[in-house]
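Heads up, the thing below is written out as structure tokens.
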Amino acid sequence: MNNKASISRWLVAAAMGTLLACPSARAEDGVTAQQLLIGQSITLQGGKNDYGTAVLDGVQTYLTQVNRQGGVAGRKLVVKVLDDDNKSAQAEVNARQLVTQDKVFIVFGSIEGGPSNAVMKVTNELKVPFFGPMAGSPTFRAPHQPLVFPVRAEHKEEFRALLEYAKSLGMTRAAFIRSDSAVGQEHLANVRKIVQSLGLELVADLPFKSDISDAGVDAMVKQIASSGAQMVFNHGSAGMYEKVIRKAREQRLPTQFYGVNSGSTQLAKHLGPLAHNMIFAQVMPSPWERKTSITRAYQDAFKAYKPGEDFSYGSLEGYMTARALVEALRRAGPNPTRESFVAGLKDADLQIEGLKLSYRDGVHTGLPLVDLAIVTREGRFRH
């Protein structure tokens, strides 16, 4: 970090009314001489959500490592974790509790679009930074959210990669499975734009509620069949998507099923042979191949923290997002406040094992990485 950039960040924070260097200034919520308290509302569903538990394992892997090395500016990082049960209403309650009752410094690391947007609603209202939502919702970037700092790429870029690949294989007719929600409507709008730009046809829009019944799944599969869709892709809800794929294969539909990154490891594992040759968009490098510096660091740390546990995209994303969080906390200075945290990310590039996360005034890009992976006969993801 050069001196000019450092001075600029401190001046921005001071202009926002924070006396960062003054030891007599009132301590910020969640900050003591010994620790920084971070809040996390995440979809665990009592341990039944494989993706959520994998993400949490990755987060804890890195934060444990950092704490063993002395923490950030001499403070240990402590995370207060609440389970939102994949329910937006519960996520909103959790976020409010974390900020107003538990007095956390910032909020961090939700997954799934609905719950993550519910958390953002509360953090924006209470003017608390929300760092590293691990969902691809378009609402985190448009309109610009000054207090929200995504790490992973947006689902829109995953949709584009999947549709471009389908087009390269000669496919022209696509179907889209999405949540029946305001965020789902935004995803649909983005998909329509991408389809039009590529000269493809969206032949079926397939919205669903979180409590979709087996009869609802059957009806969705019938609609896929009657639409003549050559490929189907989703934007999350791996458990429901698994049911659709199983039912479609039972009926011997020739349709190709593609997927976004969320829950992809767990979906492929649950589907077994039915996942062979599925294409997934990924927002992280391969967690199994030691081709990148971030993967090598993740594997070494994860094996030490969770010996015998399988690598996964979820735990790699959790690890990567935790690394970005720690870098952001370091930029907040020795006497961190919420204002200095935001100021530390003003016009910032976070360099993590050769990967660059970008945050600019009006544009919080994060990490733009999107790659495609195919599931092999052995059940492995090959990039």
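0 is the number of the first residue of the sequence shown in numbering that gives the first Met the number 0; add one for each residue after it.
Each residue gets a CB set at the ideal place from its N, CA and C atoms; glycine is no exception.
Being a predicted model, the structure only gives us computed values, none of them experimental.
How many angstroms separate the CA atom of residue i from the CA atom of residue j?
{"i": "L205", "j": "V325", "result": "39 Å"}
{"i": "A342", "j": "K75", "result": "22 Å"}
{"i": "T320", "j": "V65", "result": "14 Å"}
{"i": "A442", "j": "M119", "result": "As displayed, the chain neither begins before 0 nor continues past 382, which places residue 442 out of reach and without an answer."}
{"i": "Y297", "j": "L315", "result": "7 Å"}
{"i": "E308", "j": "K302", "result": "7 Å"}
{"i": "L469", "j": "N276", "result": "Given that the chain is displayed from residue 0 to residue 382, the structure contains no residue 469 and the question cannot be resolved."}
{"i": "A88", "j": "G51", "result": "18 Å"}
{"i": "H363", "j": "V58", "result": "21 Å"}
{"i": "G235", "j": "L161", "result": "14 Å"}
{"i": "A94", "j": "Q100", "result": "10 Å"}
{"i": "G29", "j": "F148", "result": "19 Å"}
{"i": "L344", "j": "N334", "result": "16 Å"}
{"i": "G46", "j": "L55", "result": "11 Å"}
Can you tell me whether residue i is buried or exposed? The criterion is at least 16 other CB atoms within 10 Å of its CB, across all chains shown.
{"i": "R337", "result": "buried"}
{"i": "L168", "result": "exposed"}
{"i": "P284", "result": "buried"}
{"i": "P142", "result": "exposed"}
{"i": "G73", "result": "exposed"}
{"i": "T60", "result": "buried"}
{"i": "P286", "result": "buried"}
{"i": "G131", "result": "buried"}
{"i": "E124", "result": "exposed"}
{"i": "D83", "result": "buried"}
{"i": "A173", "result": "buried"}
{"i": "E249", "result": "exposed"}
{"i": "R359", "result": "exposed"}
{"i": "T375", "result": "exposed"}
{"i": "T31", "result": "exposed"}
Can you name, in chain order, every residue of its own chain whose Cβ lies under 8 Å from the Cβ of residue i, other than the five neighbours on each side?
{"i": "V182", "result": "G112, G113, N116, S136, P137 and T138"}
{"i": "G70", "result": "Q34, L35 and L76"}
{"i": "H382", "result": "Q281, P284, S285, E288, D370, L371 and A372"}
{"i": "L146", "result": "T122, N123, K126, V127, P128, F129 and V341"}
Assuming residue i and residue j make a contact with CB atoms under 8 Å, what is their CB distance in whole Å?
{"i": "I37", "j": "S109", "result": "I37 to S109, Cβ: 12 Å. No contact."}
{"i": "R191", "j": "L199", "result": "So it is not a contact: roughly 10 Å between Cβ atoms."}
{"i": "A323", "j": "V150", "result": "5 Å"}
Whose C-beta lies closer than 7 Å to the C-beta of residue i among residues of the same chain, with five residues either side of it excluded?
{"i": "Y240", "result": "I176, N233, G258 and L266"}
{"i": "G215", "result": "F207"}
{"i": "K3", "result": "Any reading at K3 must be qualified, since the residue scores a pLDDT of 42, below 50, and its modelled position is unreliable; the value itself is stated next. Hits under 7 Å: none found."}
{"i": "L97", "result": "G38, S40, K79, L81, V103 and V106"}
{"i": "A237", "result": "Y50, S261, G262, Q265 and L266"}
Determine, for residue i, whether the minimum Cβ-Cβ distance to residues of chain C falls below 7 Å.
{"i": "V80", "result": "The question asks about chain C, but that chain is absent: this structure has only one protein chain."}
Kindly list the residues whose CB is nearer than 6 Å to the CB of residue i, restricted to its own chain and excluding five residues on each side of it in sequence; keep chain order.
{"i": "E156", "result": "V369"}
{"i": "L229", "result": "Note that residue 229 corresponds to Gln in the displayed sequence, not to Leu. The residues are M170 and R172."}
Examine the ligand SAH and report whether any of its heavy atoms sits within less than 6 Å of the Cβ of residue i.
{"i": "F175", "result": "Looking at this structure, you won't find the ligand SAH or any other ligand, since it has none at all."}
- Task: Quick one: which unbroken alpha helix (DSSP H) runs of 4-plus residues sit fully inside the stretch 136–170? Chain order, please.
- Result: Segments of the alpha helix (DSSP H) lying fully in the stretch 136–170: 154–167.
- Report the residue ranges of all alpha helix (DSSP H) runs contained in full by the stretch 326–365; include only those spanning at least 4 residues, in chain order. The stretch 326–365 contains these whole alpha helix (DSSP H) runs: 337–343.
- Task: Return the chain-ordered ranges of every alpha helix (DSSP H) run that is complete within the stretch 228–282 and spans a minimum of 4 residues.
- Result: Correct list: 237–249 and 263–270.
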